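Residue numbers (our numbering), protein chains in the order written: chain A, 925 to 1193; chain B, 22 to 128.
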Amino acid sequence: MADAAIQHNAVEHGLTGEYEAPLFGAYSKKVGMWLFLASDSLTFGALLFAFSYNRIYTTPWPTPFHVASITNATIMTACLLSSSLTMVMGVFAAQRGDRTWTRYWLLATMAFGTAFIVLHGMEWTKLIGEGLTIPGFPRPATAATGELADVSKNVPQFPATFFGLTAMHMLHVTIGVIYLGVVAFRKWFLPVLAVLWIGGYFLIPSDNIFHYGIHALGLALVVSAVILFLKPKDYDAHDVEVSGLYWHFVDLVWMFIFPLVYLMSTKIN
Amino acid sequence: MHDAAVHDDSKGQYFWVWGALLVLTAIEVVLGYRQVFEPIRMLQVLLILSVIKSALIIGYFMHLKFEKSLMRWMLVLSVTACFVIMYFFFFPDAGRVLPPPNGVGLQ
């Protein structure tokens, strides 16, 4: 009787079935991630336009990147590109239900991402040590007399846009590694995050910016714990695919940062 | 798995895309470090290479190539339109404050 009433109402309102076919032919999590990435691309777009704007109207523009920096940035690029390939393999493993290989591929992706962050951190530390700083950054003793101290004084828009843009990207990579860690290892990833946070805080010297930046891991630990304990679930192939979309986006953004920021500011000896 | 993800998933093509991305990166590094072009031309060339690389990443790694055409067009057109608007906001002004002497803005 109740079924008949529901069916009657459905006919009356012109409904043809229980669910309407999705407009984009994709599940809602995926569409949601695409929309987030579209909005995030505008954030990075604004930062890249700001950098380019400063690049165009500032003469002379500093060119602080020696061959060592370019080599470092090229290796970082190769790490991100390779991480995208391992991520694709992880999505395939998840789609065929192979949980072991899904974890291995996600772990490989996280390793490449972590290598990127470490190399980028070393690059930042080197530049700050040479005097490229912005107000509020802790400065090592060498910064005042370094090769780039004049750049920070005379062209402050260079360190401001450089650190603003690359810090935003580094934050996204860090969030990406943590996201993949949560998807691959769930609650088992939380102690790893805690050890990295506390260990990093004590191991990184206090005159290094990352002594303070490492607290981003503490914040991520709290957020991850809230998500994992309030909504415990076994992440499936859809979740792996959606996390992969985010990861590829991080790679994509770097494809613009690398030439615009590094290659357009190379120092030719 | 949803229908849109059902396509030719031969893994070889992803290795080719990865290789192409590495080669394009190497070309960018050579062009940038050897200063093959003058700066404005260099910026244009590097941006074109970056757009090609991003199209490969979006199309293959992010699988947008295999999604429904409605989703493809909606995402690509909306984001592109926003960037075009940003361009018209930013760059005429950047040109206005250029020091005019030799007509070259980039160093």
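Glycine residues also receive a C-beta, built at the ideal position from the N, C-alpha and C atoms.
Treat the numbers as computed from the prediction; the structure is a model and nothing was measured.
Leaving out five residues before and five after residue i in sequence, what residues of the same chain have Cβ atoms less than 7 angstroms from its Cβ?
i	result
valine 1164/A	Gly1014, Val1015, Ala1018, Thr1026, Val1107
leucine 77/B	Val38, Ala41, Leu42
tryptophan 1178/A	Thr1001, Leu1004, His1093
valine 1079/A	Thr982, Pro986
isoleucine 1138/A	Trp1121, Gly1124, Tyr1125, Ile1128
leucine 45/B	Leu70, Ile73, Lys74
lysine 1077/A	none
Sorted by chain position, which residues of the same chain lie with C-beta nearer than 8 angstroms to residue i's C-beta, five sequence neighbours on each side aside?
i	result
aspartate 927/A	Only weak support is given to the placement of aspartate 927/A: the predicted model assigns it a pLDDT of 46, under 50, and the value that follows is read from those uncertain coordinates. Correct list: empty, nothing qualifies.
isoleucine 48/B	Leu70
alanine 1140/A	Leu1095, Thr1098
tyrosine 35/B	Tyr81, Phe82
What does a CB cutoff of less than 6 angstroms around residue i pick up in its chain, not counting 5 residues either side in sequence?
i	result
leucine 1030/A	Gly1014, Leu1104, Ala1108
alanine 1073/A	Gly1055
valine 1119/A	none
Helix, strand or coil for residue i per DSSP?
i	result
proline 1190/A	The residue asked about is misnamed: residue 1190/A is threonine in this sequence, not proline. Three-state result, threonine 1190/A: strand.
phenylalanine 1082/A	helix
phenylalanine 968/A	helix
phenylalanine 948/A	coil
phenylalanine 58/B	coil
phenylalanine 1061/A	coil
Classify residue i: buried if its beta carbon has 16 or more other beta carbons within 10 angstroms, exposed otherwise.
i	result
tryptophan 1112/A	exposed
glycine 1101/A	Strictly speaking, residue 1101/A in this sequence is valine, with glycine absent from that position. Burial call: buried.
alanine 1067/A	buried
glycine 956/A	exposed
proline 1129/A	exposed
isoleucine 1133/A	buried
alanine 1144/A	buried
serine 90/B	exposed
valine 125/B	Caution applies to valine 125/B, whose pLDDT of 48 falls short of 50 and renders its modelled position unreliable; the model cannot decide the point.
arginine 1023/A	exposed
serine 965/A	buried
lysine 954/A	buried
valine 50/B	buried
valine 1174/A	buried
Within this structure, are the beta carbons of residue i and residue j separated by less than 8 angstroms?
i	j	result
valine 1075/A	proline 988/A	yes
tyrosine 1186/A	alanine 950/A	no
serine 1008/A	tryptophan 1171/A	yes
histidine 1044/A	threonine 995/A	no
phenylalanine 1040/A	isoleucine 1052/A	no
glycine 53/B	leucine 67/B	yes
glutamine 1081/A	threonine 982/A	yes
methionine 83/B	leucine 1169/A	yes
leucine 1176/A	serine 75/B	yes
leucine 1117/A	serine 1148/A	yes
alanine 1032/A	isoleucine 1058/A	no
serine 993/A	glutamate 1047/A	yes
leucine 64/B	methionine 1011/A	no
aspartate 1131/A	arginine 1063/A	yes
glycine 969/A	phenylalanine 104/B	yes
leucine 1152/A	leucine 1114/A	yes
Tell me whether the stretch 1000–1012 of chain A and the stretch 1033–1047 of chain A touch, counting them as touching only if at least three CB pairs, one residue from each stretch, are closer than 8 angstroms. yes
Would the stretch 968–975 of chain A and the stretch 106–114 of chain B be scored as touching if the rule is three or more Cβ pairs under 8 angstroms? yes
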